[in-house]
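Before any comments, here is the structure.
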Amino acid sequence: MSLVETRPGPTAAHGGLTGWLSSTDHKRIGLLTVGTALVIFFLMGLLALTMRSQLAQPDQSIVSSSLYDQLFTIHGSGMIYLAITPFALGFGVYLVPLQVGAPTIAAPRLTAFGYWLYVVGAVVMFSGFGAAGGAASDGWSAYVPLSSSEFSPGVGMDVWIVGVYMSTVGMMAQGGTVLWTALAKRGQGMTLRRMPVFTWSMVAACLMVLTAFPDLLLALSELVVGRIDPAVFHSNTWVIGYQHLFWFYGHPVVYVMFFPFVGAVAEVVATFSRRRLFGYEGVVLSLLLFAALSMSVWGHHMFTTGQIVNDYYSLTSFLLIVPAGLEYFAIIGTLIGGRLVFKTPLLFALAFLVQFLIGGLTGIMVGTPVIDYQVHDSYFLIAHFHYTLFGGSVAGLFAGFYYWFPKATGVTLGERLGFWHWLLYVVGTNATFLPMFWLGYEGMPRRVSTYRAADGFTTANLISSIGAGILAIAMWLFLMNVIFSLRAKKRAGSDPWQGQTLEWATTSPPPRYNFAGPLPPVTGYAPLFDARHQAVRESDGAVHNDGAVLKSGAVHSTDSVGSEAES
34 MSLVETRPGP TAAHGGLTGW LSSTDHKRIG LLTVGTALVI FFLMGLLALT
84 MRSQLAQPDQ SIVSSSLYDQ LFTIHGSGMI YLAITPFALG FGVYLVPLQV
134 GAPTIAAPRL TAFGYWLYVV GAVVMFSGFG AAGGAASDGW SAYVPLSSSE
184 FSPGVGMDVW IVGVYMSTVG MMAQGGTVLW TALAKRGQGM TLRRMPVFTW
234 SMVAACLMVL TAFPDLLLAL SELVVGRIDP AVFHSNTWVI GYQHLFWFYG
284 HPVVYVMFFP FVGAVAEVVA TFSRRRLFGY EGVVLSLLLF AALSMSVWGH
334 HMFTTGQIVN DYYSLTSFLL IVPAGLEYFA IIGTLIGGRL VFKTPLLFAL
384 AFLVQFLIGG LTGIMVGTPV IDYQVHDSYF LIAHFHYTLF GGSVAGLFAG
434 FYYWFPKATG VTLGERLGFW HWLLYVVGTN ATFLPMFWLG YEGMPRRVST
484 YRAADGFTTA NLISSIGAGI LAIAMWLFLM NVIFSLRAKK RAGSDPWQGQ
534 TLEWATTSPP PRYNFAGPLP PVTGYAPLFD ARHQAVRESD GAVHNDGAVL
584 KSGAVHSTDS VGSEAES
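Structure, rendered in structure tokens:
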């Protein structure tokens, strides 16, 4: 019996809420992870809107300075630990088994356990708002000694540590099972060199999850020690040691939040260009090289400490240009000469290419110590980081969301609302974050709740806050699109986009064990594209052969001509 012919057993999914919450079906776990991350994404957006309202004009007091510190801490923590990282891994949980032809994910109970650790961790982190003294207020990086009990004595910091720890362990569990599935649970004919580029992007991301995320757990453990005995952070060794441990996680996690969406954009561009991905093997190698190099650049976050060799970490930062460039050229090479179909997924993929480029180029700037000294801890870094994650990763997220939504739900999202969502997202993103480069260059420090009119920051802050309002409208349109589309139930069919990979060879939504029958022949990294072109070649060959028979019949036998023509 083939892998795809596995029959439902006693663990088959049940209906209703209980069935969803207790399911070990990777598709349900993936949708729960993505859905939870989406809710948290919207909540963190509300915190951002509150902060932008505070900063729209000088000398405002919409929120207190203490509450503002809590808002930026939970906003940053929520987006990184609880929204974008789970989005990336949730996509992998849902899609990787389908793309490699597996009936289930490896260790499905562990995958489900990882989801619940993540959910409980999120609840614990947010519970800090109800603690005496409020939530954590030391930033998503929780630098010591500021986050020790000496300077942050409240319970809010303690529950933040527990929440981050639990969610991180949950993401490690999901990352491990996704990697296991891709490497060891592939269907017939699915060799490593035939895995889709999205699956390879998940392999690279999950390798970083399993190698870098444990360092965050070590850093949090050190922080726990410092909250029990804050005297340990009177030693510079422990303070700098914390930064090394944290940033050994903190830089790779950026690529965990980036690689899966590069893979999604590559899939979208190939599908809507009606071409195979250009330079597939180069992209795979670049992803693996990128992942390896990402483990060597953590020190560029510490240029201003005077505790590292700046030249070394600047060099390794610049080396990241090589694999990043290969991925960009591959996607652009796929677009060039393609028969582009401008649906919403492709629009977001194009936005990703432009906006992440801004984040990448400014990353080269802050990877230069002499520039980093000038802009460190200023709004320049806020702009760079948000162009990387919001301008880049979130654009790729939406490209993938619109692309795979029909597969997960059986219905398509509306194109008209999708276009307006895309347009307002692009306008809002650039209006919000582009002025922050100027603010940082002019010296506005980050993590401040107000400023004076005489500082000269008013105009740029006002534009940025207006941009945040435009983004809020864009996200509202996206939410309405999802609700309206699910209510309208416009059936998508199994393959509405003429997709190239195996998930489009099954029904929408897929059955419990993914494929109802044998897998299609897997002859390359785009098996459905190959099958369609093979069918066209065979059809052309049949037409050619028919013509040859007709010509032959005209010479030798009138009856044969008539017979062939009738057939």
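Letter 543 of the sequence shown, counting from 1, is numbered 576 in the working numbering, and no numbers are missing. For every residue, glycine included, the Cβ atom is placed at its ideal position computed from N, Cα and C. From a predicted model like this one, the values you see are computed outputs, not experimental measurements.
- Can the beta-carbon of valine 301 be found closer than 8 Å to that of valine 230? Working through the sequence shown from its first residue, we reach residue 301 at position 268. Working through the sequence shown from its first residue, we reach residue 230 at position 197. No, the Cβ-Cβ distance between valine 301 and valine 230 is not below 8 Å.
- How big is the Cα-Cα spacing for tryptophan 453 and glutamine 87? The sequence position of residue 453 within the sequence shown is 420, counting from 1. The sequence position of residue 87 within the sequence shown is 54, counting from 1. Each residue's Cα considered, the two are about 27 Å apart.
- Task: Indicate whether valine 242 and valine 289 have their beta-carbon atoms separated by less than 8 Å.
- Result: Mapped onto the sequence shown, residue 242 falls at position 209. Mapped onto the sequence shown, residue 289 falls at position 256. Yes, the pair counts as a contact, with Cβ atoms nearer than the cut-off.
- Query: Would DSSP call arginine 524 helix, strand or coil?
  - Reply: On the sequence shown, position 491 is the one that residue 524 refers to. DSSP places arginine 524 in strand when its eight states are reduced to three.
- Task: Can you tell me which of Leu64, Thr421, Asp58, Leu76 puts its alpha carbon nearest to the alpha carbon of methionine 508?
- Result: Taking the sequence shown and counting its residues from 1, one reaches residue 508 at position 475. The option with the nearest alpha carbon to methionine 508 is Leu76.
- Message: Here's a check: name, in chain order, each residue in its chain whose Cβ is nearer than 8 Å to the Cβ of isoleucine 261, leaving out the five neighbours to either side.
- Response: The residue labelled residue 261 in the question sits at position 228 within the sequence shown. Excluding positions up to five away in sequence, the list reads Ser182.
- Message: Measuring straight from C-alpha to C-alpha, what distance separates histidine 59 and valine 126?
- Response: Within the sequence shown, numbered from 1, the residue matching residue 59 stands at position 26. Within the sequence shown, numbered from 1, the residue matching residue 126 stands at position 93. So the alpha carbons of these two residues sit roughly 6 Å apart.
- Starting from lysine 218, follow the alpha helix (DSSP H) in both directions and report where the run begins and ends. Here residue 218 refers to the residue found at position 185 when the sequence shown is read from its first residue. Lysine 218 -> no alpha helix (DSSP H), and no H or E assigned at all.
- Message: I'd like to know whether the C-beta atoms of proline 285 and serine 319 end up nearer to each other than 8 Å.
- Response: For the purposes of this step, residue 285 is identified with residue 252 of the sequence shown, where counting begins at 1. For the purposes of this step, residue 319 is identified with residue 286 of the sequence shown, where counting begins at 1. No, these two residues do not count as a Cβ contact at 8 Å.
- Task: Could you check which residue in Pro529, Pro247, Leu430, Gln388 has the C-alpha nearest to that of valine 197?
- Result: The sequence position of residue 197 within the sequence shown is 164, counting from 1. The option with the nearest alpha carbon to valine 197 is Pro247.
- Item | Touching by the beta-carbon criterion (3+ pairs, under 8 Å), the stretch 115-129 and the stretch 292-310 | yes
- Item | Inter-residue Cα distance where the pair is phenylalanine 466 and leucine 456 | Within the sequence shown, residue 466 is the residue found at index 433, counting from 1. Within the sequence shown, residue 456 is the residue found at index 423, counting from 1. About 16 Å.
- Rounded to whole angstroms, what's the CA-CA distance from isoleucine 62 to leucine 278? Just pull it up for me. Working through the sequence shown from its first residue, we reach residue 62 at position 29. Working through the sequence shown from its first residue, we reach residue 278 at position 245. Straight-line Cα distance between these residues: approximately 31 Å.
- Nearest-angstrom Cα distance between glycine 349 and leucine 321? What you label residue 349 is simply residue 316 of the sequence shown in a count that begins at 1. What you label residue 321 is simply residue 288 of the sequence shown in a count that begins at 1. According to the sequence shown, residue 349 is threonine rather than glycine. Their Cα atoms are separated by approximately 15 Å.
- phenylalanine 124, buried or exposed, once every other Cβ within 10 Å from all chains shown has been counted against 16: The residue labelled residue 124 in the question sits at position 91 within the sequence shown. Under this definition phenylalanine 124 is a buried residue.
- Would you list the one or two residues that DSSP bridges to serine 411? Looking up residue 411 in the sequence shown gives position 378. DSSP lists Pro478 as partners of serine 411.
- Message: Can you confirm whether the stretch 539-559 touches the stretch 374-390 when touching is taken to mean that 3 or more C-beta pairs between the two stretches lie within less than 8 Å?
- Response: no
- Tell me valine 444's beta-bridge partners as DSSP assigns them. Taking the sequence shown and counting its residues from 1, the one referred to as residue 444 is at position 411. Per DSSP, Arg524.
- Task: Measure the alpha-carbon distance for valine 374 versus threonine 304 and round it to whole angstroms.
- Result: Counting from 1 along the sequence shown, the entry for residue 374 is found at position 341. Counting from 1 along the sequence shown, the entry for residue 304 is found at position 271. About 9 Å.
- Message: Quick check: valine 188 and methionine 158, are their CB atoms within less than 8 Å of each other?
- Response: In the sequence shown, the residue the question calls residue 188 occupies position 155. In the sequence shown, the residue the question calls residue 158 occupies position 125. Cβ distance not < 8 Å, so valine 188 and methionine 158 don't count as in contact.
- Reduced DSSP category for histidine 277 - H, G, I as helix; E, B as strand; rest coil: Stepping through the sequence shown from its first residue, residue 277 is reached at position 244. Correct three-state label for histidine 277: helix.
- Item | CB of serine 180 within 8 Å of CB of aspartate 171, strictly | Locating residue 180 in the sequence shown gives position 147, counting from the first residue. Locating residue 171 in the sequence shown gives position 138, counting from the first residue. Yes; because the gap between Cβ atoms is below 8 Å, this pair is in contact.
- Message: Quick check on DSSP: helix, strand or coil for isoleucine 62?
- Response: Reading the sequence shown from its first residue, position 29 is the one you call residue 62. Helix at isoleucine 62.
- Indicate whether the contact test is met: 3 or more Cβ pairs, each with one atom in the stretch 333-341 and one in the stretch 403-422, closer than 8 Å. yes
- Would DSSP call glycine 49 helix, strand or coil? For the purposes of this step, residue 49 is taken as the residue at position 16 of the sequence shown. Reduced to three states, the DSSP call for glycine 49 is helix.
- Message: Please tell me whether, using a cut-off of 7 Å, the distance from the CB of serine 185 to the nearest non-hydrogen atom of the ligand NAP is below it.
- Response: Annotation note on the ligand NAP: not contained in the displayed structure, which lists no ligands.
- Query: Terminal residues of the continuous alpha helix (DSSP H) containing asparagine 343?
  - Reply: The residue given as residue 343 occupies position 310 in the sequence shown. Counting along the chain, the alpha helix (DSSP H) containing asparagine 343 begins and ends at 343-352.
- For my contact list, proline 378 and alanine 432 are in at a C-beta cut-off of 8 Å; report their separation, rounded to the angstrom. The residue labelled residue 378 in the question sits at position 345 within the sequence shown. The residue labelled residue 432 in the question sits at position 399 within the sequence shown. About 5 Å; that satisfies the 8 Å criterion.
- Task: Please determine, among Ala486, Phe470, Leu50, the residue with the shortest C-alpha to C-alpha distance to arginine 479.
- Result: Taking the first residue of the sequence shown as position 1, residue 479 is located at position 446. The shortest Cα separation from arginine 479 among Ala486, Phe470, Leu50 belongs to Phe470.
- Item | Limits of the alpha helix (DSSP H) - the one that proline 544 falls within | Within the sequence shown, the letter at position 511 stands for residue 544. Run containing proline 544: none; DSSP gives neither H nor E here.
- Item | Distance CB(threonine 401)-CB(serine 482) smaller than 8 Å | For the purposes of this step, residue 401 is identified with residue 368 of the sequence shown, where counting begins at 1. For the purposes of this step, residue 482 is identified with residue 449 of the sequence shown, where counting begins at 1. Going by C-beta atoms, threonine 401 is not nearer than 8 Å to serine 482.
- Cα-Cα, which of Val444, Ile415, Ala464, Ala384 is closest to glycine 425? Sequence index remark: in the sequence shown, residue 425 carries index 392 (1-based). Looking at the Cα atoms, Ala384 is the closest of the given residues.
- Hey, how far is the Cα of lysine 376 from the Cα of tyrosine 282? For the purposes of this step, residue 376 is taken as the residue at position 343 of the sequence shown. For the purposes of this step, residue 282 is taken as the residue at position 249 of the sequence shown. When rounded, the distance between both Cα atoms is 36 Å.
- Pick out whichever of Leu495, Asp563, Ala538, Trp437 has its Cα sitting closest to the Cα of alanine 89. Your numbering for residue 89 matches position 56 in the sequence shown. Checking every option, the nearest Cα to that of alanine 89 belongs to Leu495.
- Cβ-Cβ distance between threonine 534 and glutamine 132 below 8 Å: If you number the sequence shown from 1, residue 534 lands on position 501. If you number the sequence shown from 1, residue 132 lands on position 99. Closer than 8 Å, so yes.
- Query: Rounded to a whole number of angstroms, what is the C-alpha to C-alpha distance between glycine 163 and serine 306?
  - Reply: Along the sequence shown, read from residue 1 onward, the residue named residue 163 stands at position 130. Along the sequence shown, read from residue 1 onward, the residue named residue 306 stands at position 273. So the two alpha carbons sit approximately 51 Å from each other.
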